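Colleague:
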Amino acid sequence: MPHEVRGVVARAKGEPVRLETILVPDPGPGEAVVSVAACGVCHTDLHYREGGINDDFPFLLGHEAAGTVEQVGEGVTDLVPGDYVILNWRAVCGQCRACRRGRPWYCFATHNATQKMTLADGTELSPALGIGAFADKTLVAAGQCTKVDPAAAPAAAGLLGCGVMAGLGAAINTGAVGRGDTVAVIGCGGVGAAAVAGARLAGAARIIAVDIDDRKLTSAEKLGATHTVNSRTADAVEAIRDLTGGFGADVVIDAVGRPETYRQAFYARDLAGTVVLVGVPTPEMTLELPLIDVFGRGGALKSSWYGDCLPSRDFPMLIDLYLQGRLDLDAFVSETIALDGVEDAFARMHRGDVLRSVVVL
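Just so you know, we're using UniProt numbering here: the sequence shown kicks off at 1 and counts up by one.
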């Protein structure tokens, strides 16, 4: 019997989202229905609303979520009703060439629910990142549910489902920041601030936060930045070099994803240093660099997709660090809102007023 619940739906490109009645089917084989406790408002949801991902409208938005398993379908053996979970959009298959090579964080065939959630009139919904968690309940593949300690507050825990994990993983997994390293993070919104926190967790000696908004730089300092640079008034590359003895940083993380910030990251790193791109560019953006500089500077140019995370490994570990007081996930929660407040939260996010608004159900 389908569950009739509320959900935040984007019906057409650029139109304000609406709170609508949606139908969530009982879980089929390999699926689970999750009662959502909290879900963060991420830039990716706004990209969906603006048609920046694809045009498979209408979308059921929301994907940075924590909640409780309510039902499981046939064949699901590692979840039971009552399990407290963070939802993820990288449910690895275990069979593709990446998984078989022991690199499941690159899985090329991740799972989503087979059945579709619908509007009340039967119109099929496209769930954001295969999740659709701006809703009282959602249907996902069982592998999209990662069990964590239920002591973790849902508003904080759910943020590991996307943006915070992307930033933490860009530093820890992709950038392989080590003890004593110097790290620069360009762009200190939710993802960049998480990269700062990740660099601190990894033991970086110097963490330089770069942004054009002093409010974001203040947040970055609270999360572990040792130095800040407002690139509206200072040359970011020169400032990073000045703070690193003229050499540049060992790891530079571009959490903006624009050609100009990538060039800053490229030239702000030390010889044989690493650039990590975790900010998401748009399809029309192009990059031009002198090939002799790419060759001559050495090192590594990497892209970080979801922080190269393995949810089953990383989520429980990070939640444990949160509960130990070593990772301040609460610092990312700027405000909690109701399910009907998502459209206004998009505006605050666009203005840079928040790290994360979080819907609490």
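Where a beta carbon is used, it is the ideal one built from N, C-alpha and C, also for glycine.
Nothing here was measured: the structure is a model prediction, and the numbers come from that model.
So what does Q71 bridge to, in DSSP terms?
Modeller: In DSSP, Q71 forms a bridge with V33.
Colleague: Quick one: what does DSSP say S231 is sitting in, helix, strand or coil?
Modeller: Here S231 sits in coil by DSSP.
Colleague: List the residues that DSSP assigns as beta-bridge partners of R263.
Modeller: Partner(s): none; R263 has no beta bridge.
Colleague: For the pair the segment 239-247 and the segment 168-176, tell me if three or more CB-CB distances fall below 8 Å.
Modeller: They do not touch, by the three-pair rule.
Colleague: Report the residue ranges of all alpha helix (DSSP H) runs contained in full by the segment 183-226; include only those spanning at least 4 residues, in chain order.
Modeller: 190-202, 214-222, all fully within the segment 183-226.
Colleague: In the DSSP assignment, what are the bridge partners of G40?
Modeller: DSSP lists E64, V358 as partners of G40.
Colleague: Judging by CA-CA distance, which residue of G352, D330, F346, C145 is the nearest neighbour of A153?
Modeller: Taking only the C-alpha atoms, the option nearest A153 is D330.
Colleague: For D45, count neighbouring Cβ atoms within 10 angstroms of its own Cβ and tell me buried if that reaches 16, exposed if not.
Modeller: Label assigned to D45: buried.
Colleague: Since P127 sits in a beta bridge, which residues does DSSP pair it with?
Modeller: Paired residue(s): L60.
Colleague: Taking only three categories from DSSP, how would you classify V164?
Modeller: The answer is helix: DSSP assigns V164 an H, G or I state.
Colleague: Are residue 447 and K222 close, meaning C-beta to C-beta below 8 Å?
Modeller: Since the first residue of the chain shown is 1 and the last is 361, residue 447 is not available in this structure.
Colleague: Using a Cβ distance threshold of 8 Å, determine whether the segment 133-147 contacts the segment 72-88, with at least three qualifying pairs required.
Modeller: Touching, yes, given that three or more Cβ pairs across the two stretches are closer than 8 Å.
Colleague: Quick check on DSSP: helix, strand or coil for T174?
Modeller: Residue state, collapsed to three classes: helix.
Colleague: Just how far apart, CA to CA, sit H43 and F346?
Modeller: For H43 and F346, the distance between alpha carbons rounds to 8 Å.
Colleague: Report buried or exposed for A197, applying the criterion of at least 16 other Cβ atoms within 10 angstroms of its Cβ.
Modeller: With 16 or more other Cβ atoms within 10 Å, it is buried.
Colleague: Cα separation between A109 and C93?
Modeller: Distance between the alpha carbons of A109 and C93: 6 Å.
Colleague: I need the straight-line Cα distance from G67 to R297, nearest angstrom please.
Modeller: One C-alpha to the other measures close to 46 Å.
Colleague: Could you round the C-beta distance between V229 and I208 to whole angstroms and report it? I think they count as a contact, below 8 Å.
Modeller: Between I208 and V229 the Cβ distance is about 6 Å, and since that is below 8 Å, they are a contact.
Colleague: From the DSSP secondary-structure annotation, give me the bridge partner or partners of A135.
Modeller: Its beta-bridge partners are G7.
Colleague: Between the beta-carbon of V358 and the beta-carbon of V333, is there less than 8 Å?
Modeller: Cβ distance < 8 Å, so V358 and V333 count as in contact.
Colleague: Where do the ends of the alpha helix (DSSP H) carrying A331 lie?
Modeller: Unbroken run through A331: none, as it is neither H nor E.
Colleague: I22 lies in the beta strand (DSSP E); which residues open and close that run?
Modeller: Unbroken beta strand (DSSP E) run through I22: 18-24.
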